[in-house]
Amino acid sequence: AVGSTMTATWPLTVMNTIVAESIDYIITEVESKAGKGASAEKKQEAVNAVLREVVKDHKAVVFNGDGYSQDWQEEAARRGLPNIKSSADAIPVLKAPKNIELFQKYKVLTQPEVESRATIFMEKYSTSLAIESETMLQIARQMILPAAFAHQKDLAETAAATEGSGVDCPGIREELESYASLVEQFRNSIGELASRVDKIPEDAFEAGSYLRDQIRPGMADLRELGDRLETVTPVDRWPMPSYRDMLFIK
Numbered sequence: 021a022v023g024s025t026m027t028a029t030w031p032l033t034v035m036n037t038i039v040a041e042s043i044d045y046i047i048t049e050v051e052s053k054a055g056k057g058a059s060a061e062k063k064q065e066a067v068n069a070v071l072r073e074v075v076k077d078h079k080a081v082v083f084n085g086d087g088y089s090q091d092w093q094e095e096a097a098r099r100g101l102p103n104i105k106s107s108a109d110a111i112p113v114l115k116a117p118k119n120i121e122l123f124q125k126y127k128v129l130t131q132p133e134v135e136s137r138a139t140i141f142m143e144k145y146s147t148s149l150a151i152e153s154e155t156m157l158q159i160a161r162q163m164i165l166p167a168a169f170a171h172q173k174d175l176a177e178t179a180a181a182t183e184g185s186g187v188d189c190p191g192i193r194e195e196l197e198s199y200a201s202l203v204e205q206f207r208n209s210i211g212e213l214a215s216r217v218d219k220i221p222e223d224a225f226e227a228g229s230y231l232r233d234q235i236r237p238g239m240a241d242l243r244e245l246g247d248r249l250e251t252v253t254p255v256d257r258w259p260m261p262s263y264r265d266m267l268f269i270k
């Protein structure tokens, strides 16, 4: 399935080219086995023989269960099928010699056209993810962190006032220390992600690998800490709609 912002044009181009090559192969094999001037019976025998060979050679890709399930991923691994989960890994495959040869054979694309499309796809992926990481940093710095500091101050003032009145309040102190520790982890995660963002390579394919290995994990870490902060920060301090606000209509 294509992404929500994509058209089906390119996937259909690829699939139609693959289907054309497969039909071409089958017809060529059938004609070769049947021979010129073959009878209808001979042609049918050739068709049956070729189809048996095709199914035998490619049955590993046939799966009649739920293609979205974990079961299929595990079964595909047992069958030795590739399972490419990252765009940074998938896009360069387009430039593989066998794929370029396929597009050239049926006059769909030339080698420079295939390579240019791969570069454009990778540039779009890299640029989009870089923008997302920058946006995430802005949200973390300008919205979440100030709100967290404000609540941390509230806790500190509450603890100080309670202790100043002579009341023993270990629970409030523990809450303050726990929250302050989480805020510090969040702040450190911001710094780590920002440092990684500053080092994104210029080359599209190098950037793709770097974003996969460095930026996405950094964003995941920051998001996890932000989610934890949301659960322990008062609603009136939290600057954005919470998951509760988004999931349930008030």
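Read in order, the letters of the sequence shown are residues 21 to 270 in the working numbering.
Ideal placement from N, C-alpha and C gives every residue a C-beta, glycine not left out.
Given the structure is predicted, the values throughout are model-derived calculations rather than measurements.
For residue j and residue i, the rounded distance between their alpha carbons
i, j, result
"Val-128", "Leu-114", "14 Å"
"Ala-170", "Glu-212", "23 Å"
"Val-39", "Ala-69", "20 Å"
"Ile-111", "Met-142", "7 Å"
"Asp-241", "Asn-36", "40 Å"
"Gln-172", "Ser-148", "34 Å"
"Ile-120", "Val-134", "7 Å"
"Thr-178", "Leu-202", "18 Å"
"Glu-94", "Tyr-145", "27 Å"
"Thr-216", "Arg-243", "Note on residue identity: the sequence assigns Arg, not Thr, to residue 216. Roughly 16 Å between the two C-alpha positions."
"Arg-99", "Ile-164", "46 Å"
"Tyr-88", "Ala-96", "12 Å"
"Thr-27", "Cys-189", "60 Å"
Counted within 10 angstroms of its Cβ, other Cβ atoms place residue i as buried (16 or more) or exposed
i, result
"Gly-246", "buried"
"Ser-153", "buried"
"Ser-24", "exposed"
"Leu-196", "buried"
"Tyr-199", "buried"
Residue interval of the alpha helix (DSSP H) (run including residue i)
i, result
"Trp-92", "90-98"
"Arg-243", "236-252"
"Arg-216", "190-217"
"Arg-137", "131-159"
"Asp-233", "Asp-233 -> no alpha helix (DSSP H), and no H or E assigned at all."
"Asp-174", "165-184"
"Met-271", "Beyond the ends of the chain as shown, which are 21 and 270, falls residue 271; an answer cannot be given."
"Leu-101", "Element bounds for Leu-101: n/a, residue is neither H nor E."
"Met-26", "From DSSP, Met-26 is part of no alpha helix (DSSP H); its letter is neither H nor E."
Test item: CB-CB of residue i and residue j under 9 Å
i, j, result
"Ile-210", "Ala-150", "no"
"Leu-249", "Ala-168", "yes"
"Lys-53", "Glu-61", "no"
"Ser-106", "Arg-232", "yes"
"Asp-77", "Gly-85", "no"
"Val-82", "Lys-63", "no"
"Trp-30", "Arg-137", "yes"
"Ala-227", "Leu-157", "no"
"Leu-122", "Glu-41", "yes"
"Thr-155", "Phe-225", "no"
Min CB distance residue i to chain C below 9 Å
i, result
"His-171", "No chain C appears in this structure, which consists of one protein chain only."
For a minimum of 3 consecutive residues, which ranges assigned as the beta strand (DSSP E) are wholly contained in the region 106-132? none
Segments assigned beta strand (DSSP E), at least 3 residues, entirely inside the region 58-91: none
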